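Number of protein chains: 2
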Amino acid sequence: MNAQLANWDDLRVFLAVARAGSLSGAARSLGVNHSTVFRRVAGLEETLGVRLFDRLPTGYALTPVGEETLGIVERIEDDVTALDRTVTGQDLRLSGTVRITAIDMLAFWLLPDHLRRFRETHSGIEVEIVVGNEALNLSRRETDIALRIGNTPPETLVGRKVGQLEFAIYGAPDYCAAHPGADLAQQDWIGFDSAHAPLTRQLEKLLPGMRPAVRSNSVACAVRLAKAGLGLALLPCAIAELKPDLIRVAELPESFGLDLWLLTHEDLRHTARIRAVLEFLTPALAESLKKCTKGPEI
Amino acid sequence: MNAQLANWDDLRVFLAVARAGSLSGAARSLGVNHSTVFRRVAGLEETLGVRLFDRLPTGYALTPVGEETLGIVERIEDDVTALDRTVTGQDLRLSGTVRITAIDMLAFWLLPDHLRRFRETHSGIEVEIVVGNEALNLSRRETDIALRIGNTPPETLVGRKVGQLEFAIYGAPDYCAAHPGADLAQQDWIGFDSAHAPLTRQLEKLLPGMRPAVRSNSVACAVRLAKAGLGLALLPCAIAELKPDLIRVAELPESFGLDLWLLTHEDLRHTARIRAVLEFLTPALAESLKKCTKGPEI
DNA sequence: AGGTGTCCTTGCATGAATGCACAGCTTGCC
DNA sequence: GGCAAGCTGTGCATTCATGCAAGGACACCT
């Protein structure tokens, strides 16, 4: 057996420091004390007999041999992650943790009630909601399930379209009273950033050249901004209709909706607890979205 | 960060058990207590949520998911070994351990005196001699330096031919007195196994169809067998000439010698301590082999 | 110049990992 | 059938890795 490197786990610590650029940052990402990281890195350098990092006042920077090491350790990490997916995919226990990621809007308003009901029948499964407006990486197991809007999923992800989110224009009652008139181009608007490109494009199409008074990467934040009277916003009916302090200002000239997908990684689809969550949420979300559509149908 | 597998080093323990086929065997190869291995494997299976091994009375056998895991972990081990070679190759310290492997004959009689002198000038470097009659793998860092007879080295190994071992036929004085006569075919012979194919082939060529009375994988053992009077043996002059209780029986019809190589891995050639050992031994062995040739030169 | 925040490094106490010793089971040999 | 050897599994004592707390250094801002 290899006598030189007797603890492969030191490489995991090395990787964290390389990525964080500091002991403290690595400690935070690893969930350990910074003094532990200090000793682990020092021990690894002693064992290998080389300096992996230069010590700077602002943190740790990779040396050239550290750069070479990083390249190899990233391959190791890829293998560890693949292993993790492979064996987790065969985990038949209906217990443990399932991590779901969704943008804040969906996480706040679509998931909690469903997950409460899910827990009634699967008390052994803990669900962790990861709220984020950046797409987490399922291949790296940053999350187990993703609730995503918009595009068709990447090839390695599997799942179903659980429904469609219809969008309409909403504003606060006070704002609308103070800004009567049907000319949308004369109104103030709440916009989005590049993380919500479909919404941004739709607004641009609706009102060419319109410049929003305020923008956000968070749809939940946009809802709040609208409620605060900063302007009109293009919001999903399923969420906005739940808000008595938001009123639908106008229909879009043509119907605009985005697909909502429930996704996991190909290797995890057979993991019992992940499968259980997917099988519960798919019909539940579909039912929710069916009820919450724009306006009464004739 | 990967929350599922928080200790990569458990994979190193898994690998040892997979290869040894038992907790006890893995404990021996890892140099830890078997109860430690027991707990590490149990912990890994708990973390991953799968059974990696079937428990048998005779040891541990891989389950199907264990087989899949083994495939991935072997890739990880290859990366760890490559990393080890890469960084060890840049280790500039003249301290630490250098491992040399050689067959027993060479290890016993060629290395000790040279290494004693080496230590006089490099007291910080510890040398470990790994005696074995199987070729250890330098790519996997089972050894740092190999002293090898015979073939030109594989492409990834670098080193020099330090000399040539001349061979001649030797026997014990008592045996020779009791078996006078020049007909070698009538003599008893001590042979070798497939680990010493060049010697076996040479004997076969010398005496076609000859079947040795006894065979061994160890040249050192063959020397002892010859001294014990079990027959004649084809032995290297550099070693046999040192033995007053072996006499040279006859010259070979044509000179027969094998090259002796001092080799290391391409990635390790710049490791300071390995380089120091090579630079000392190369001329020292060459000098030794120059002195020990068959018979006095005219 | 002083205050704040971030960083690294180290000594000491604590808890987790490990080794030790033991027990039990199975297999193979005589 | 008895014995030896190999194996797994567990309780308790020991060792070592880790966290805590403290100190020092540096950069940035006022």
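If you read the protein sequences in the order shown, they are chains C and U. Just so we're on the same page, the working numbering is the position in the first sequence counted from 1, plus 884. Just so we're on the same page, the working numbering is the position in the second sequence counted from 1, plus 884. Glycine is no exception: its CB is placed at the ideal position from the N, C-alpha and C atoms. Keep in mind the model is a prediction, meaning the values are calculated, not measured.
query: Need the endpoints of the alpha helix (DSSP H) that I1123/U sits in, please.; result: C1121 to A1124
query: Using a Cβ cut-off of 8 Å (strictly closer), state whether K1178/U contacts chain C.; result: With a pLDDT of 49 at K1178/U, under the threshold of 50, the modelled position of that residue is not reliable, and the figure given next carries that caveat. For K1178/U, the answer is no, since every Cβ of chain C falls outside 8 Å of its Cβ.
query: Could you name the residues of chain C that N891/U contacts, counting a contact when the two beta carbons are closer than 7 Å?; result: D893
query: Have a look at the DSSP bridge pairing and note the partners of G927/U.; result: According to DSSP, G927/U bridges with nothing at all.
query: Which residues in the same chain as T1005/U place their Cβ atom closer than 8 Å to its Cβ, once the five residues preceding and following it in sequence are excluded?; result: F1164
query: Going by DSSP in three states, Q1048/U sits in which element: helix, strand or coil?; result: strand
query: Just confirm the distance between the C-beta atoms of L932/U and F922/U, as a whole number of angstroms; I'd bet it's less than 8 Å.; result: At roughly 16 Å, the Cβ-Cβ gap does not stay under 8 Å, so L932/U and F922/U are not in contact.
query: Tell me the rounded alpha-carbon separation between L895/C and V957/C.; result: 7 Å
query: In the segment 965-980 of chain U, which residues sit with their C-beta less than 7 Å from some C-beta in chain C, listed in chain order?; result: T965, A966, L967, D968, T970, V971, T972, Q974, D975, R977 and G980
query: Cβ of E1088/C less than 8 Å from any chain U Cβ?; result: no
query: Does the pairing of the segment 983-995 of chain C with the segment 1027-1045 of chain C give three or more beta-carbon distances under 8 Å?; result: yes
query: Where do the ends of the beta strand (DSSP E) carrying I1029/C lie?; result: I1029 to I1033
query: Mapping DSSP to helix, strand and coil, what is D914/U?; result: The sequence given here places Leu at residue 914/U; Asp does not occur at that position. L914/U falls in the helix class under three-state DSSP.
query: Give the residues of chain U in contact with L934/C, contact being defined as C-beta atoms less than 7 Å apart.; result: According to the sequence as given, residue 934/C is Val; it is not Leu. Those are V971, Q974 and D975, listed as they occur along chain U.
query: For L1087/C, which option in H1063/C, E1039/C, P1137/C and G1065/C has the closest C-alpha, if you only look at C-alpha atoms?; result: P1137/C
query: So if I threshold CB-CB distances at 7 Å, which residues from the segment 932-956 of chain U count as touching chain C?; result: L932, G933, V934, V949, E952, T953 and I956
query: Could you tell me which residues DSSP puts in a beta bridge with R939/U?; result: Y944/U
query: Where does H1080/U land, buried or exposed, given buried means 16+ other C-beta within 10 angstroms?; result: buried
query: Measuring alpha carbon to alpha carbon, tell me which of L1049/C, V916/C and L1142/C ends up nearest I1123/C.; result: L1049/C
query: Grouping DSSP H, G and I as helix and E and B as strand, with all else coil, what is S1102/C?; result: coil
query: Going by C-alpha to C-alpha distance, which of F1051/U, R1044/U, V1098/U and V1133/U sits closest to L1119/U?; result: F1051/U
query: When the Cα atoms are used, what is the spatial distance from S1007/U to V982/C?; result: 57 Å
query: When you compare the segment 912-921 of chain U with the segment 895-904 of chain U, are there three or more beta-carbon pairs, one atom per stretch, that lie closer than 8 Å?; result: yes
query: Any idea what DSSP makes of A1117/C, helix, strand or coil?; result: strand
query: Taking Cβ positions only, does R1159/U come closer than 8 Å to chain C?; result: no
query: Which of the three DSSP states is assigned to E1010/C in this structure?; result: strand
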